[in-house]
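To start, the structure itself, in structure tokens.
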Amino acid sequence: MKDIAAMARVSTSTVSLVINHRDKGRVNPKIAARVWKVANKLGYHPNAMASSLRSGHTHAIAFISDQVATTPYAGEIIHGAEDAARQLGYMMFIIDADGERDISDDIARTLSWGVDGYIYAKFANQYINVPPTLHGQQVVVVNAEERTFIHPRIEPDEFTIGYDATMRLIDAGCRRIAYIGCDEPAIAQIGRFKGYRQALRDSGLPFEKQLANRVSHGRAALEAVCKLLDDMHPDGVFTFNDARAVYVYDYAFQHGLTIGKDLSVIGVDNHEVICDTTVPALTSVELPHYEMGFWGACKVISMIEGADPIEQERVTPSYNAASMPPLDADGPTRIHCAIVEKESIVGGPRTRDDSEPAQTAGSDANPSSSASADAHDAPSVDKSLHRRSQAAQRR
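Per my numbering, numbering of the sequence shown is gapless, rising by one per residue and ending at 500.
Structural data, given as structure tokens:
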């Protein structure tokens, strides 16, 4: 510790407080960050067993997920949580809750190890029941909802996704906007459809039931989308996700239409394989999986340490495409999602010369962040749309 103290220009007692996570309210956060930087540079590794005996904490959290670990992009929830946990001096265990497998023994094992807290995550925003064995523990829910609010949670702002996507089409001149939804009663489906309808209402456009359809996948879905487009002739289409946007592209190809000229399309997910291989490239709303995981780890560690919230100086996201919500918000936390501009909307992608631009991505965009390598510096969301969606939601 003496070497760390000398290089960081602090006392050994200050180093001890920081290394043993007893610096809250006693050491300036900037000084603590400097101590950790020096400690990492010198390769210092505190004795975890001794530290846990002194503090009553193991500095370990568990991440419980279903298909998050194997689903493209949703795996970024793990990446974000790991980033935050590592920077805050915590180890993270992963428990695979895929399918109907009983994970009660796994949870019991982590409890016997003295794990300090849990992140309970889902690959798609859905209703969940946190296992009863975790009641009384420090738990944060990520990308999911409990039917009865028990634990802090973060999820995409589904209403705003639908509102912003529809307003983007309206701003491009579309007046007959179709919605291709999901045929399941998912949280995302309900929220995005409400946002779509509110955007139409706020713009003085009528909602036509025939312009909205909910489809599954495969040939039946393609036929349903083609029938809607044949019958209703929309000039813009908002799809529940990028996969359903492919049906619109298929229809356009069959009928000699050019996406981005004859018809505007916007999806959700910013799925690399779809968005960067469709011609023209698909404009899409990106789900901020990394940011949700990062926030979830920061939140649960705040709860463990009694720090409300974690000092910003202690953590730095690898990238931050979506604005990080505050940790001390009461109730459920919803994170705003960025529109990744490409070429599927009439008029082309918005640029920085446009008023209140949305983020623009090139073909070499990072597949797991909301677009380009300079996402730290560029505006990541269309703020004018965000303000309008917030006002609409209050109504």
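Yeah, the Cβ is synthetic: ideal placement off N, Cα and C, and Gly gets one too. These numbers were taken from a predicted model, which means no experiment stands behind them.
**Report entry** Buried or exposed (CB count within 10 angstroms, at least 16 for buried), LEU147
**Finding:** exposed
Query raised in the report: What are the boundary residues of the alpha helix (DSSP H) that MET87 is part of?
Result: Limits of the chain in this structure are 106 at one end and 500 at the other, which puts residue 87 out of reach.
Query - Residues that DSSP places opposite PRO422 in a beta bridge - result: Answer by DSSP bridge pairing: none, since PRO422 is not bridged.
Requested in this report: Please classify TYR225: does DSSP put it in a helix, a strand, or coil?
Outcome: strand
Query raised in the report: In three-state terms, what does DSSP make of THR344?
Result: strand
Query raised in the report: Quick one: Cα of ASP479 to Cα of GLY185, how far?
Result: Interpretation of ASP479 is limited by its pLDDT of 31, a score under 50 that renders its predicted location unreliable; the figure taken from the coordinates is listed afterwards. Whole-angstrom Cα-Cα distance: 18 Å.
Query raised in the report: When the Cα atoms are used, what is the spatial distance from ALA111 to ARG131?
Result: 19 Å
Report task. Please go through the segment 290-351 and give each complete beta strand (DSSP E) segment of 3 or more residues, from N-terminal end onward. Result -> 317-320 and 341-344
Query raised in the report: Expressed to the nearest angstrom, what Euclidean distance is found between the alpha-carbon atoms of TYR301 and GLY222?
Result: 37 Å
Query raised in the report: What three-state label does DSSP hand ILE208 in the structure shown?
Result: coil
Query raised in the report: Going by the beta-carbon positions, is the gap between GLU251 and ILE266 smaller than 8 Å?
Result: no
Report task. Look up ALA283 in the DSSP assignment and give the residues it is bridged to. Result -> VAL342
Query raised in the report: Under the rule that 16 or more other beta-carbon atoms within 10 Å means buried, what is ASN346, buried or exposed?
Result: buried
Requested in this report: Please decide whether ALA348 counts as near chain B, where near means a Cβ-Cβ distance under 8 Å.
Outcome: Absent here is chain B; the protein component of the structure consists of one chain.
Query raised in the report: What separation, rounded to the nearest whole angstrom, lies between the Cα atoms of ILE295 and THR438?
Result: 17 Å
Report task. Please report how far the alpha carbon of ILE415 lies from the alpha carbon of THR119, in whole angstroms. Result -> 19 Å
Query - Stretch-stretch touch, CB-based, cutoff 8 Å, three pairs: the segment 441-448 with the segment 344-359 - result: no
Requested in this report: Check whether the Cβ atoms of PHE298 and LEU305 sit closer than 8 Å, and answer yes or no.
Outcome: no
Report task. Within the same chain, show all residues whose beta-carbon is closer than 6 Å to that of ALA496, passing over the 5 residues directly before and after it, in chain order. Result -> At ALA496, the pLDDT of 47 sits below 50, so the modelled position is not reliable; the number obtained from the coordinates is stated separately. No residues qualify anywhere along the chain.
Requested in this report: Return helix, strand or coil for ASN145, following the three-state DSSP convention.
Outcome: helix
**Report entry** Cβ shell of CYS403 (< 8 Å), same chain only, five flanking positions each side left out
**Finding:** ALA189, LEU193, PRO414, ILE415, VAL420 and LEU432
**Report entry** Residue interval of the beta strand (DSSP E) (run including SER389)
**Finding:** 388-390
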